[in-house]
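Student:
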Amino acid sequence: MAKKKTNSDESEEKVLSLEEIDKVIHEPARLMIISLLYVVESTDMLFLKNNIYSKEEKISWGNLSSHISKLEEAGYVEVEKKFKGKKPKTFLSLTDNGRKAFAEYRKKMVQVLGDMT
Amino acid sequence: MAESVDLKVLETKAWRLTFQDGIWDIFFGLLFLGFGFSALANQIFDLGTIIILIPWNIATVLILCLGKKFLTIPRLGFVKFGNKRKKTRKFILIFTTINVAFALFLLILSYIGLSGWFQLNPLLDPLIIGFLVITFPLSIFGFFLDFYRLIFYSILAGLGFFLSELFYPITGSPFDIFLSFFLIGFTIVIIGLIYLIKFLQEYPRIKD
C-alpha cells in the first residue's frame, strides 16, 4: 500500500526542487542578460549594457564580461567576434541549450514559488 | 533592477528604445516638409514637384540611415529583433504596397477626371482624403510598430489638406499647401530634435 505523504516529506521535496534551480541563470544580472537574449535574435554588448538594468543603475563592462563568460561556459550564450571596419564588435545570442535551460528555469521557478507557503 | 521579469515588457521596452533617438520623427517631419516645398516648386518651374521631391526624399532616407549608423548605434548598441518583429515588418510591407496602390488609383482617377464621385464638400473632402491617404496607413504603422508618436503625426499630417483649404482664402495657391505642410513638417522635426538632444545626453558615445 502506498505510504501517504507527510508534511515533512513535502517540505523536503520543495527544498530538493530549490536545489535543482539552475544557479548559472539564477544570479540576477545573468537572469536579466538571458531574459533579454531570449526575446531578441542577437545583440551587441553595448545594447545589452544599456538594457539589462535601469537608467540609474548600470552594470560595469567588467561585470558584464564576467557574467557573459559564465553563460558562455555553460553553453547558454554564443559569443561571436566580428570586425566592423577596424573595430572589433562582440555579438551575443542565446544557444538552443540556453533557450531550453531558460524555459526550464522559468517552469521550475513557477513550480517552486507556486508551491511555497 | 526590475522586481520581476516580464518577457513581453522587456522586448517591447528594448524595441521602443530604438525610437527614442528621434531620428524616425525627423524622417517623417522632413517627408512632410518636402511635400510642402514640392507644392511650391511646381508653381515656379515645370515638373517642380518631381525635381524637388526625388532628391529631397533621397536626402531624407540618407539622414535616417546615417543618423542610425553614426548617432544611434554607437550610443545605444546594435540589436536584431526576433520573429515577432520580422512578422510585423512583413505585414507592414504588404500593407504599404496596398496603400501605395490605393494612392496611385486615386491619383489616376483625379488625372483622368473621374474623381467627381468623392467630391462631397470643399472642406470635408480634404479631411477624408487626408484620413484615407495619410492618417489611416500611418496610424496602422504606428500601432503595429509600437511607435505611438507616429499616430499623433499621422493625425497632424492628415489634417494637412484640410488646413490648406483654410489657408487658401488668405494665401492663395500653392502657398496654402506649402504653409500647411511646412507647419506640420516643421513641428514634427522640432519634436524629433528634442528627442534627439535628450537621447544624445542620456546615451553619450562610449570610446572604443
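Residue numbers (this note's numbering), protein chains in the order written: chain A, 19 to 135; chain B, 922 to 1129. Note that the Cβ used here is the ideal one computed from N, Cα and C, for glycine as well. Predicted model only: the values in this text are computed from it and were never measured.
(1) How many Å lie between L1117 (chain B) and K67 (chain A) at the Cα?
(2) Does the structure place the region 49-65 of chain A close enough to the region 96-115 of chain A that three or more beta carbon pairs sit under 8 Å?
(3) Please list, in chain order, all residues of the same chain as P1125 (chain B) whose beta carbon is under 8 Å from its beta carbon, the five residues on each side excluded.
(4) List, in order along the chain, the chain A residues whose C-beta lies closer than 7 Å to that of L931 (chain B)?
(5) Name the one or two DSSP bridge partners that V58 (chain A) has.
(6) Going by beta-carbon coordinates alone, are G943 (chain B) and F1120 (chain B) separated by less than 8 Å?
(7) Can you list, in chain order, the residues of its chain whose CB lies under 8 Å from that of R48 (chain A), leaving out five sequence neighbours each side?
(8) Determine the extent of the beta strand (DSSP E) in which T108 (chain A) is found, giving its start and end residues.
(9) Suppose you measure from the CA of G950 (chain B) to the CA of T933 (chain B); what does that come to, to the nearest Å?
(10) Which first and last residues belong to the beta strand (DSSP E) in which F101 (chain A) is found?
(11) Closer than 8 Å by C-beta to T1127 (chain B): which residues in its own chain qualify, once you throw out the five before and the five after it? Chain order, please.
(12) For a cutoff of 8 Å on Cβ pairs, would you count A962 (chain B) as touching chain A?
(13) How many Å lie between L983 (chain B) and N81 (chain A) at the Cα?
(14) Buried or exposed: which applies to E924 (chain B), given that a residue is buried once 16 or more other Cβ atoms fall within 10 Å of its Cβ?
(15) A980 (chain B): buried (16+ other C-beta within 10 angstroms of its C-beta) or exposed?
Tutor: If we stick to the structure as given:
(1) 20 Å
(2) yes
(3) Closer than 8 Å at the Cβ level, and outside the excluded window around P1125 (chain B), lie R996.
(4) S53, L54, V57
(5) B:F1002
(6) yes
(7) Result list for R48 (chain A): V42, H85, K88, L89, in chain order.
(8) Where T108 (chain A) is concerned, the enclosing beta strand (DSSP E) stretches over 105-112.
(9) Answer to the nearest angstrom: the Cα atoms are 24 Å apart.
(10) 95-102
(11) It is Ile, not Thr, that sits at residue 1127 (chain B) in the sequence shown. For I1127 (chain B), where only same-chain residues beyond five positions count, the Cβ hits under 8 Å are P995, R996.
(12) no
(13) 37 Å
(14) With a pLDDT of 42 at E924 (chain B), under the threshold of 50, the modelled position of this residue cannot be trusted, and the question is left open.
(15) Exposed.
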